[in-house]
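Right, one structure below, let's go through it.
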Amino acid sequence: MAKGNPNSPHVFSNIIANMTGRVVSTLLAIVFTPIYISLLGIEAYGLIGFYVSLQAALSFLELGLSYTCNRELARCSGQGRPAFQKMLDTLRSLEISYWCIALLIGFLLSLSAPVIASGWLDSREFSATYLEDVVLIMAWVIAMKWPVGLYSGALSGLQQQVSMNVALVVVSVLNWGGAALILWAYEPSIQVFFQWQLLVAIISAVLFLCLTWFHMPEGFMHGHFSWKLIKRLLPFTAGVAANAIIGTILLQADKLILSAIVPLKIFAYYALASMMAEAVILLAAPISNAISPRMAQMVGANVKKSVMVTFFHLSAQSVNVLVVPLGLMLAVFSYEVLYSYTGSVEIAANASLALSIMAVAKILHANMLVPYSLQLAVGRLKLTVIINAISLCFFLPLVLVLAKSYGMEGAASAWLLVTLGYVFIGMPLILKQDLQGQWKTWILSNIFVPVLLITSLLLVLKFLLFNNEFSRWELAAMLISTGFISMVAMIMVLPEVRKILKKTLMSRGVI
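Sequential numbering from 17 applies to the sequence shown in this note's numbering.
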């Protein structure tokens, strides 16, 4: 078992493993989504989008238990043999709690299946009876996948992230590739798709259970459930859960509300646009995760404010080197991206405006990750919880009104308006608390000027190069080239990134 030494070689291998796992999962999603749409049809893909949103929305029931497990096992693993029994009891206690929640989710969703099928989803292709059967299978897919979150947290706390990510990649390949193979070889139906997902969910739950207990110090039979231990962990778990619940509702409310308002086919367009816009956050998250512990070290070492300010702006600009070019490419070339990705003119025409709006919102959302990492480092999350709670009070009625009036474009606009509120109201308060006087520099140098310049560049390139008819693959090649040009331009625009690049090239004798 890993002892959790922060200076051990495990740290670097864990970082590589986490990044590899994320990249593989993302690539599988990118490759197989258009295949699913081709095999199943756009309305059936809407059911997949609903399932993903429902699973994410229910994550508030996780109650911070996986992070608590991660933290407790990491702490105990550094204390050696005296803490072994505590580790075993912690995992067993949280494991039983988690499985109870999983079964509760399965039963409640099963009971709700008739209401969801006939009163929530509006399908023109599937009967209510057929939808009820699909939702019933969907319920137990979510339930069986539920414990994987706890075991992943445990493996991470045990410094076994290489094993964890190998298992995640195997499960992802089975999920994405296996489903496509079954649909192609057996029957291209959404019911078969979810039956396969249920089988893989059961396999993954058993796999992660065995893997986690294999890496525990004494083994499966030595852990005991403890109410006393659960009560001791409740205060910390409640704090994590409060922020997670609000964040989950903010991120998923638009999709769940829209799925009840518009036909399933329209929701499918929105789900696809949302999935593509989420790539912006997927690029930002690894950088944010990497700089968060570094910020904590700097706070612990009580470094000068000027050093923290420089690191803060460098981190924010590093995020934007990736985020702004991709986000603006999705916003400016939304139709072209959707057509080259799906090969469908209908999908591109219907989903392009929603994708443009959400891509801009995700750029703003990604830019909040570095300030949030700073708050984690200094240990002040109260303001974030308050801002999130206030945002939620505005967001829910806003998305309801705009979605009813303007459909999926209205739902996307609600999310954009909330992120603008975060940037122009929430961030000044947060940075005033943690890095006073830096908000104007952050908004102007890191966001506004780069976004303005790259948008102008992309609009010029679109006018000059994209005014003729191109095949799907020619269009894809042109989009990749344009994205590369915008990324190079972005590096030149950001001062801190430019300094680091110049210093690196000079040290290697390139310039």
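Where a beta carbon is used, it is the ideal one built from N, C-alpha and C, also for glycine.
Reducing DSSP to helix, strand and coil, say where residue i ends up.
| i | result |
| --- | --- |
| residue 204 | coil |
| residue 105 | helix |
| residue 137 | coil |
| residue 320 | coil |
| residue 508 | helix |
| residue 399 | helix |
| residue 23 | The pLDDT assigned to residue 23 is 38, lower than 50, so where the model puts this residue is not dependable; a value taken from the coordinates is nonetheless given after this. Note: residue 23 maps to coil in three-state DSSP. |
| residue 176 | coil |
| residue 230 | helix |
| residue 181 | helix |
| residue 451 | coil |
| residue 366 | helix |
| residue 191 | helix |
| residue 62 | helix |
| residue 37 | helix |
| residue 171 | helix |
| residue 526 | For residue 526, the predicted structure reports a pLDDT of 48, less than 50, and the residue's modelled location is therefore unreliable. A value from the coordinates is still provided. If DSSP states are grouped into helix, strand and coil, residue 526 belongs with coil. |
| residue 290 | helix |
| residue 442 | helix |
| residue 483 | coil |
| residue 384 | coil |
| residue 143 | coil |
| residue 57 | coil |
| residue 513 | helix |
| residue 32 | helix |
| residue 279 | coil |
| residue 18 | Confidence at residue 18 is low in this model, with a pLDDT of 40, below 50, so its placement is unreliable and no value can be given for it. |
Count the other C-beta atoms from every protein chain shown that fall within 10 angstroms of the C-beta of residue i, then say buried if there are 16 or more, exposed otherwise.
| i | result |
| --- | --- |
| residue 262 | buried |
| residue 108 | buried |
| residue 58 | buried |
| residue 529 | Residue 529 cannot be examined here, being either before or after the span of the chain that is shown, 17 to 527. |
| residue 112 | exposed |
| residue 452 | exposed |
| residue 3 | Here the chain comprises residues numbered 17 to 527, so residue 3 is not present and cannot be evaluated. |
| residue 460 | exposed |
| residue 200 | exposed |
| residue 421 | exposed |
| residue 498 | buried |
| residue 114 | buried |
| residue 125 | buried |
| residue 458 | buried |
| residue 446 | buried |
| residue 438 | buried |
| residue 47 | exposed |
| residue 496 | exposed |
| residue 174 | buried |
| residue 131 | exposed |
| residue 387 | buried |
| residue 303 | buried |
| residue 229 | buried |
| residue 468 | exposed |
Rounded to the nearest angstrom, how far is the Cβ of residue i from that of residue j, given a contact under 8 Å?
| i | j | result |
| --- | --- | --- |
| residue 162 | residue 195 | Actually they do not touch by this definition, with Cβ atoms about 19 Å apart. |
| residue 323 | residue 314 | 7 Å |
| residue 227 | residue 171 | 7 Å |
| residue 280 | residue 138 | 6 Å |
| residue 165 | residue 41 | Rounded, the Cβ-Cβ distance is 15 Å, inconsistent with contact. |
| residue 510 | residue 444 | In fact, because the Cβ distance is near 21 Å, the residues do not count as touching under 8 Å. |
| residue 433 | residue 426 | Contact flag wrong, Cβ pair sits at about 10 Å. |
| residue 415 | residue 301 | Not confirmed; about 24 Å, so no contact. |
| residue 110 | residue 85 | 5 Å |
| residue 429 | residue 501 | Not confirmed; about 29 Å, so no contact. |
| residue 340 | residue 494 | Rounded, the Cβ-Cβ distance is 19 Å, inconsistent with contact. |
| residue 5 | residue 147 | Look at the range of the chain in this structure, 17 to 527, and you will see that residue 5 is not part of it. |
Please work out which residues of its chain come closer than 6 Å, Cβ to Cβ, to residue i, disregarding the five sequence neighbours upstream and downstream, and give them in chain order.
| i | result |
| --- | --- |
| residue 190 | 216 |
| residue 367 | 285, 288, 289, 354 |
| residue 187 | 220 |
| residue 154 | 67, 210 |
| residue 431 | 270, 377 |
| residue 381 | 435 |
| residue 71 | 158 |
Looking at residue i and the ligand ADP, is the gap between the Cβ and the nearest heavy atom below 6 Å?
| i | result |
| --- | --- |
| residue 351 | This structure does not include the ligand ADP; it has no bound ligands of any sort. |
Check whether the Cβ of residue i lies closer than 7 Å to any Cβ atom in chain D.
| i | result |
| --- | --- |
| residue 43 | The structure shown contains no chain D, having only a single protein chain. |
Quick one: residues in its chain with C-beta nearer than 7 Å to the C-beta of residue i, no 5 flanking neighbours on either side, listed in chain order?
| i | result |
| --- | --- |
| residue 475 | 348 |
| residue 51 | 196 |
| residue 492 | 356 |
| residue 198 | 208, 212 |
| residue 399 | 445, 446, 449 |
Within the same chain, show all residues whose beta-carbon is closer than 8 Å to that of residue i, passing over the 5 residues directly before and after it, in chain order.
| i | result |
| --- | --- |
| residue 462 | 329, 332, 333, 336, 383, 510 |
| residue 455 | 443, 444, 447, 448 |
Quick one: which unbroken alpha helix (DSSP H) runs of 4-plus residues sit fully inside the segment 320-364? Chain order, please. Listed in chain order, they are 321-348, 350-358.
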